[in-house]
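Some notes on the structure that comes next.
2 protein chains.
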Amino acid sequence: MREEDVPVYEKFLAGRVSRLVASEVRELLKLTEGKDVISFAGGLPDPSTFMKEELAEIAREVILRSGDKALQYAPTKGVLVFRETLKGFLRAHGVKVSEGDDVIVTTGSQEAIYLASKTLVGPGDIVIVEEPTYLAALNVFKFFKARVIPVDMDDNGIKTDILEEKLKALKNEGANVKLVYTVPTAQNPTGITLSFERRKHLLELASQHDLLLLEDDPYGYFTFEAEKPPPLKTMDSEGRVVYFGTFSKIVAPGFRLGWALGPWKIIDVMELAKQNVDLHSSTLAQYICMEAIKRGVVDATIERARHLYKAKRDIMLRELEDHMEDLATWTKPLGGIFIFLALKSAMDTKKLLPEAIEKGVAYVPGQAFYVRKDGSNTMRLNYSYPTPDQIKTGIRRLSTLIRDKVT
Amino acid sequence: MREEDVPVYEKFLAGRVSRLVASEVRELLKLTEGKDVISFAGGLPDPSTFMKEELAEIAREVILRSGDKALQYAPTKGVLVFRETLKGFLRAHGVKVSEGDDVIVTTGSQEAIYLASKTLVGPGDIVIVEEPTYLAALNVFKFFKARVIPVDMDDNGIKTDILEEKLKALKNEGANVKLVYTVPTAQNPTGITLSFERRKHLLELASQHDLLLLEDDPYGYFTFEAEKPPPLKTMDSEGRVVYFGTFSKIVAPGFRLGWALGPWKIIDVMELAKQNVDLHSSTLAQYICMEAIKRGVVDATIERARHLYKAKRDIMLRELEDHMEDLATWTKPLGGIFIFLALKSAMDTKKLLPEAIEKGVAYVPGQAFYVRKDGSNTMRLNYSYPTPDQIKTGIRRLSTLIRDKVT
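Residue numbers (this note's numbering), protein chains in the order written: chain A, 1 to 407; chain B, 1001 to 1407.
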C-alpha cells in the first residue's frame, strides 16, 4: 500500500533528501534489535545511574507546587531562575562564566550545535574538526554547507602544530576560517583528552587567527582521574569559546536538555534562531533539572556515573589486554563512555560488522566518524551501557572473530 | 562591561542577524513585565486547565515504574508506543490516519513547522498563507527564503476563489507553488474557521495544481459549538495534507510536545532533518503525555478548556458589544483563544500600543501578522489567559483610550 500514494512526493522533496545525511550509527543500531547481540555500538548511559526515586519526587513536587509556571510556556532562552542555577552549577564545576557571557537552554546539546551552526556557519565557511569527530556535529556542519577540514589527533588530542600549519596555508589562500569544533575531554568517538599544553596552543591560534572555538563537553563532569585539564572556556580570556553541555549524562537523557554558554552577542542570535526552531525547550524539564541541581541529585548522579563507568572502563581495558593485545591498539580514556580501537591488520570493520552481529557483538565502524575516508580498520566501543558480564563476553566474541579472520 | 568583548563578533555573525526576524509579539510582551497591565497580548493557556494532581501522579509513576526507558534516549521519530497511542487519540478526535501515513513527535508544533519547511521549502519556492497568519510560521518560511504569497480571508476563512485566480496566474508565470500553510480552525490571529465548502475547494485546488497543504491545528480539539467542519486531513483522499498538532493547549505547554502526521515519505525526511536539529524530543514528556491520553487526562483537559474558554470568549464578546460597537468590528471565534479586532477609524494600533500600556492594557498590533503592510488598524486580543474581571476591565480601558482618541 505504501507505494500507492497519489502525489509524487519527490517533486516536493527535490534536492532535500541528499542534503540530509542519515546518521550511520543510528541506522546500524537497528541491526541489533531483537537479537542476542551484545552491543558496544550505542552511546547510552547506564540506567542505574538515573536517580529515579529522587527524580520522581522532584517531578511530583514541581508539578504540584509550581505547576502554574512549570507547565506553562517559557522564554526562548530558558527559565530565568534555571539559567541562574545552571550558571552556579557550571562555576562550581570549574567552568568560567564571564561577565560578558550568557546562557541559552537547548533541546539537548545537539540543538546547541545546530543553533550555533545556524547562527555562525554559511556556505563555504571553514569549520575545522578533530579527525575523527562526533558524527552528529559533522552532519550539521555539512548541512549548512561548511567546508569541513579535519585535523589529525594523537593521544594528546588534536595536533595543534598541524592545525597551525593548516591555518597559515588557509590564510595564504585567503580562506575564511571561522570555527574549530572540539570535544576536548574524553572525546567522542576516541575517548582522547586534549592536553593542557595543546589547549593553550589552541587558544593562542584562535587569538592569532581570530577564530571562535565550539567546545562540546558532555563528558568533562565525570572524569575518572583527579588530574584533568580545565575546559577551554575556563582558560580563555578573550571570549572566543562557545561552550556546549548536556544533562543527558549527568541527570538523564530523557529530559532532553542541554545548554550553550558564550558571549552574549552570539547567544542572542542563537535565541532568535531558536524562536524559529522550537520556541523554547521543555519548561517542566528545566524546573526538574533546576531542583535536581539544588538538591544535589546532579552531583550524586555524577558520582554514580564516575564510579560505575570507571569500573566498566577498567573491565573493558583488561579484557582487551587479555584477549586482543596482538590484534589491535586502543585508547585509554580518562572519562566518557567510549574506547576507540584500531586493528593491526588492514581489516575493514564496516565489512566485518554483519559477521560480528552474527557472532553476537556489535560496534560502530570508526570510518563513520572520519571526514576523509580513513579509519577503515577502527571501531568505537561503548562501555557505559553493557553490563560487566556483557563487556567480558562481548570482547571475547570480538577477539575470536578477528583472530579467526587474521589466521 | 558588555561592550568590551575582544573579538568583533559581527565578523562571525555577518549576514546572519538580518536573516532572522525577531518575533515582534515576544518583544512586545516584554513591555508589560512588572507593570499593572492587563495583557491580551499573550497566547497562554489558563493554568487552571492544567490537571496538576493527575499529571504529578503520572510523572511520579512513569519515572518510578518506567524510568529506565522514560529517562533514556528515544528514537528520533518518537517513542513507538507513544506514537501508536497518539494515532489512536487522533482517530478518536476525527483526524484521519491513513495507511500511508506516519507520525513524528516534535518539540512543540513550532518544530513541526520548522522541520516541514526545512524538508520542503527552498529559496524562491512559493508558500501561500492566509492574510493575516501565524507569525512564527511566517518567520520560518522567510528564513528558508520562500516567496510568501498572502491570500485574504473573510469570515469563512481564506478566499479560495482568490486563491484559484492566483494559482492560475502563477501557473502562467511558470512559478513553483509548493505549499499552502493554513490554520483552518479558530485561526491565529483571527479566530476564523474555514467553512466546509471552502475546505472542499482548497483540497480541489491542491489536487488540480499538485500542491501540499500544511494544516496547523492547535485549537481544533476544543471548539465551543457542536457543529464544526472536519480537518482537511480527514477530508483529503490523495495524501496531500501534512497535519500539525500540539499538546500545549490540550495538556500543557510545559511538555513542549507536538507532532506532524502525514505521508510517510515526507515524515521520513523530516526525521532526517530532526536528527540534525535535536536528535529527538523529551522521552519523559512523551511517556507522561502517553499516560495522560490513556487515563483520560487529555480529554478532561480538553473539556476544561472548552468550558473555560467559551465562558471567557463570551465575556469578551459581550464587553466588546457593550463598549466598542461604534468603534470597531471583530471576529466571533468558534474556538481557540483569540479575537481579532479592526478599528473603524484609521488608527495605527502599533503607534497606539505604548499609550495603551500606559493606560494598563496590552494587545498585539495586527500588522505583525500580515505579509503586506496591511492591518494597521487591527489588533489581536487573547481571552484564554486573563481572568473574567481582567477581561472586563481591560476591554473598558481599551474602549476609553480609543474613544478619547476618536473624539
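Heads up, the beta-carbon is just placed ideally off N, CA and C, and yes, glycines get one too.
If you keep only unbroken alpha helix (DSSP H) runs of at least 4 residues inside the region 1305–1390 of chain B, you get 1349–1358.
Within the region 228–260 of chain A, those residues whose Cβ lies closer than 7 Å to any Cβ of chain B are, in chain order, 238, 239, 240, 252, 253, 254, 255 and 256. At a beta-carbon threshold of 9 Å, none of the residues of chain A lie near residue 1209 (chain B); the nearest stands roughly 11 Å away. Under the DSSP assignment, residue 119 (chain A) falls in the alpha helix (DSSP H) whose first and last residues are 108–120.
Here residue 1405 (chain B) has 1347 as same chain residues with Cβ atoms under 7 Å from its own Cβ, once five neighbours each way along the sequence are excluded. The region 1230–1245 of chain B and the region 1326–1337 of chain B do not touch, with fewer than three beta-carbon pairs separated by less than 8 Å. No Cβ-Cβ contact shorter than 8 Å links residue 1274 (chain B) with residue 63 (chain A). Within the DSSP secondary-structure output, residue 216 (chain A) pairs in a beta bridge with A:244. Interface annotation for the region 275–288 of chain A against chain B: 275, 276, 277, 278, 279, 280, 281, 282, 283, 284, 285, 286, 287 and 288, criterion Cβ-Cβ distance under 9 Å.
Identification of chain A residues near residue 1266 (chain B) by a Cβ-Cβ cut-off of 9 Å yields 9, 12 and 13, ordered along the chain. Interface flag for residue 1060 (chain B) against chain A is set, since a Cβ pair is found closer than 8 Å. With respect to chain A, the C-beta atom of residue 1035 (chain B) has no partner C-beta closer than 8 Å.
Looking from the CA of residue 48 (chain A), the closest CA among A:111, A:305, A:391 and A:122 belongs to A:305. Counting other Cβ atoms within 10 Å of its Cβ, residue 1354 (chain B) stays below 16 and is therefore classed as exposed.
For residue 136 (chain A), the closest Cβ of chain B is nearer than 8 Å. DSSP places residue 256 (chain A) in the coil class of the three-state scheme, outside both helix and strand. Contact holds between the region 1071–1081 of chain B and the region 1285–1299 of chain B, because three or more Cβ pairs, one in each stretch, are under 8 Å apart.
Residue 1298 (chain B) sits in a helix when the DSSP states are folded into three classes. Residue contact check for residue 369 (chain A) against chain B: no CB pair falls below 8 Å.
Separation of the CB atoms of residue 215 (chain A) and residue 182 (chain A) is rounded to 6 Å, and the pair is thereby assigned contact status at 8 Å. Contacts with chain B at 8 Å (Cβ-Cβ) do not include residue 148 (chain A). For residue 1146 (chain B), the closest C-alpha among the options B:1164, B:1041, B:1119 and B:1158 is that of B:1119. By the Cβ test, the region 294–304 of chain A is not in contact with the region 184–203 of chain A, since fewer than three Cβ pairs between them sit closer than 8 Å. Residues 1195 and 1198 of the same chain have their beta carbon placed closer than 6 Å to that of residue 1156 (chain B), with the five preceding and five following residues left out of the count.
Residue contact with chain A for residue 1382 (chain B): absent (no Cβ-Cβ distance below 8 Å to any residue of chain A).
Excluding residues up to 5 positions away in sequence, 94, 95 and 96 lie with their Cβ nearer than 8 Å to the Cβ of residue 234 (chain A) in the same chain. It is roughly 21 Å from the alpha-carbon of residue 115 (chain A) to the alpha-carbon of residue 231 (chain A).
The three-state reading of DSSP puts residue 1009 (chain B) in helix, counting H, G and I together. Note on geometry: alpha-carbon atoms of residue 349 (chain A) and residue 337 (chain A) lie some 20 Å from one another. By DSSP's assignment, residue 1103 (chain B) forms a beta bridge with B:1261. The CB of residue 1064 (chain B) comes closer than 8 Å to the CB of 52, 53 and 56 in chain A, given here in chain order. Put simply, the CB of residue 1095 (chain B) is far from chain A, with every gap to its CB atoms at 8 Å or more.
With the rule of 3 Cβ pairs closer than 8 Å, the region 1148–1168 of chain B does not count as touching the region 1101–1116 of chain B. In this structure, the alpha-carbon of residue 1192 (chain B) lies about 17 Å from that of residue 1201 (chain B). For the region 105–121 of chain A, the beta-carbon criterion of a distance under 7 Å to any beta-carbon of chain B is satisfied by 107, 108, 110, 111, 114, 119 and 120. Below the 7 Å Cβ cutoff, chain A contributes no neighbours of residue 1219 (chain B), its closest Cβ being approximately 15 Å away.
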